């Protein structure tokens, strides 16, 4: 790991999320803190701080006082995470300056229309959707809210990888993103916020179909 002018625990957290995205860890896997610290070339203290942060985000869970493990997946948790992100992103959109949203609406619409595929690989979808949602919320002045959205989304990442893998085709609905941008271009923020919530709910249902029922 390269040395950066950021807290080491943040660098470790990002490295673990990257490895999780890459498929290096499976759900329910116990974490050997000593081995992982040696592998990363760090001490146990910043590693444990990063693990505690990830546990707070729902990526890890405490293993009955014996350390941490990567949390198993469940339909209930994924539904709850999607509902939280839908509510938070809708709030962030409502807090944004309407004039700014109207200015970025054409770019949002162009991005949505530029990726019209009804089915695409997971990594491709995530890259385009992240770019689109980042632009959508770029006018929100509440930085704590944006940090919270990023934190909750971290807990969702493991679902898309564990359930779909890197190259698996996933269903998406570009028209939903177009609809949000069109409402913003018209200056109809309430309609755009409702369409954003619908986008998350519909995406949740598409992914829930991949999670086995208990």
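Residue numbers (full-length UniProt numbering): 1 to 214. For every residue, glycine included, the Cβ atom is placed at its ideal position computed from N, Cα and C. The structure presented is a predicted model; accordingly, all values stated were derived computationally and were not measured.
Worksheet item: Near residue 95, what residues of its chain come up, given a Cβ to Cβ distance below 8 Å and the 5 sequence neighbours on each side ignored?
Response: Residue 95 sits at position 95 when you count from the first residue of the chain shown. Cβ neighbours of residue 95 within its own chain (closer than 8 Å, five residues either side excluded): 140, 141, 142, 145.
Practice prompt. Sort 87, 8, 73, 27 by Cα distance to residue 197 and report the nearest one.
Written response: In the chain shown, counting from the first residue as 1, residue 197 sits at position 197. Nearest of 87, 8, 73, 27 to residue 197, Cα basis: 87.
Worksheet item: Do you know offhand how far residue 135's Cα is from residue 104's?
Response: Position 135 of the chain shown holds residue 135. Position 104 of the chain shown holds residue 104. Residue 104 has its alpha-carbon roughly 8 Å from the corresponding atom of residue 135.
Item to complete: Assuming residue 89 and residue 200 form a contact by the criterion Cβ under 8 Å, report the distance between their Cβ atoms to the nearest whole angstrom.
Response: Against the chain shown, residue 89 aligns to sequence position 89. Against the chain shown, residue 200 aligns to sequence position 200. Contact between residue 89 and residue 200 is confirmed by a C-beta separation of about 7 Å, below the 8 Å threshold.
Practice prompt. Determine the burial state of residue 175: buried for a count of at least 16 other Cβ atoms within 10 Å of its Cβ, exposed for fewer.
Written response: By one-based count along the chain shown, residue 175 stands at place 175. A residue is called buried when at least 16 other Cβ atoms come within 10 angstroms of its Cβ; residue 175 does not meet this threshold and is exposed.
Fill in: Cβ pair residue 25, residue 51 closer than 8 Å
Residue mapping note: residue 25 aligns to position 25 of the chain shown, counting from 1. Residue mapping note: residue 51 aligns to position 51 of the chain shown, counting from 1. The answer is no: Cβ separation not under 8 Å.
Worksheet item: With 16 as the cutoff for other CB atoms within 10 Å, does residue 114 come out buried or exposed?
Response: Translated into the one-based positions of the chain shown, residue 114 becomes position 114. For residue 114, the number of other beta carbons within 10 angstroms of its own is below 16, and it is reported as exposed.
Practice prompt. Decide if residue 6 is buried, meaning its Cβ has at least 16 other Cβ atoms within 10 Å, or exposed.
Written response: Position 6 of the chain shown, counted from the first residue, corresponds to residue 6. It is exposed - the Cβ of residue 6 has fewer than 16 other Cβ atoms within 10 Å.
Item to complete: Would you grab the beta carbon distance between residue 173 and residue 202 for me? Rounded to a whole angstrom, and I think it's under 8 Å.
Response: Here the question's residue 173 lines up with position 173 in the chain shown. Here the question's residue 202 lines up with position 202 in the chain shown. Residue 173 to residue 202, Cβ: 6 Å. Contact.
Worksheet entry | Whole-number beta carbon distance between residue 17 and residue 157, since they are thought to touch under 8 Å | Your numbering for residue 157 matches position 157 in the chain shown. Your numbering for residue 17 matches position 17 in the chain shown. About 7 Å separates the Cβ atoms of residue 157 and residue 17, confirming a contact at the 8 Å cut-off.
Item to complete: Check the C-beta distance from residue 106 over to residue 189 and give it rounded, since I have them as a contact under 8 Å.
Response: Along the chain shown, one-based indexing puts residue 106 at 106. Along the chain shown, one-based indexing puts residue 189 at 189. Not confirmed; about 16 Å, so no contact.
Practice prompt. Could you tell me which residues DSSP pairs with residue 69 in its beta bridges?
Written response: Translated into the one-based positions of the chain shown, residue 69 becomes position 69. Answer by DSSP bridge pairing, in chain order: 30, 61.
Worksheet item: Mapping DSSP to helix, strand and coil, what is residue 195?
Response: In the chain shown, residue 195 corresponds to position 195, counting from 1. Here residue 195 carries a helix assignment [DSSP, helix/strand/coil].
Practice prompt. For the alpha helix (DSSP H) containing residue 186, list its first residue and its last residue.
Written response: Numbered from 1 along the chain shown, position 186 holds the residue referred to as residue 186. Unbroken run through residue 186: none, as it is neither H nor E.
Worksheet item: Nearest to residue 112 by CA position, among 19, 125, 150, is which residue?
Response: Here residue 112 refers to the residue found at position 112 of the chain shown. Minimum Cα-Cα distance from residue 112 among the listed residues 19, 125, 150 corresponds to 125.
Discussion item. Looking at residue 92: is its Cβ nearer than 8 Å to the Cβ of residue 31?
Written reply: Along the chain shown, read from residue 1 onward, the residue named residue 92 stands at position 92. Along the chain shown, read from residue 1 onward, the residue named residue 31 stands at position 31. Contact flag unset, no.
Worksheet item: Helix, strand or coil: which one does DSSP assign to residue 94?
Response: For the purposes of this step, residue 94 is taken as residue 94 along the chain shown, with counting starting at 1. Residue 94: helix per DSSP, three-state reduction.
Worksheet item: Which residue comes first and which comes last in the alpha helix (DSSP H) that contains residue 141?
Response: The sequence position of residue 141 within the chain shown is 141, counting from 1. Counting along the chain, residue 141 sits inside no alpha helix (DSSP H), nor does DSSP assign it H or E at all.
Worksheet item: Roughly how many whole angstroms lie between the Cα atoms of residue 12 and residue 47?
Response: Stepping through the chain shown from its first residue, residue 12 is reached at position 12. Stepping through the chain shown from its first residue, residue 47 is reached at position 47. Those two C-alpha atoms are separated by around 7 Å.
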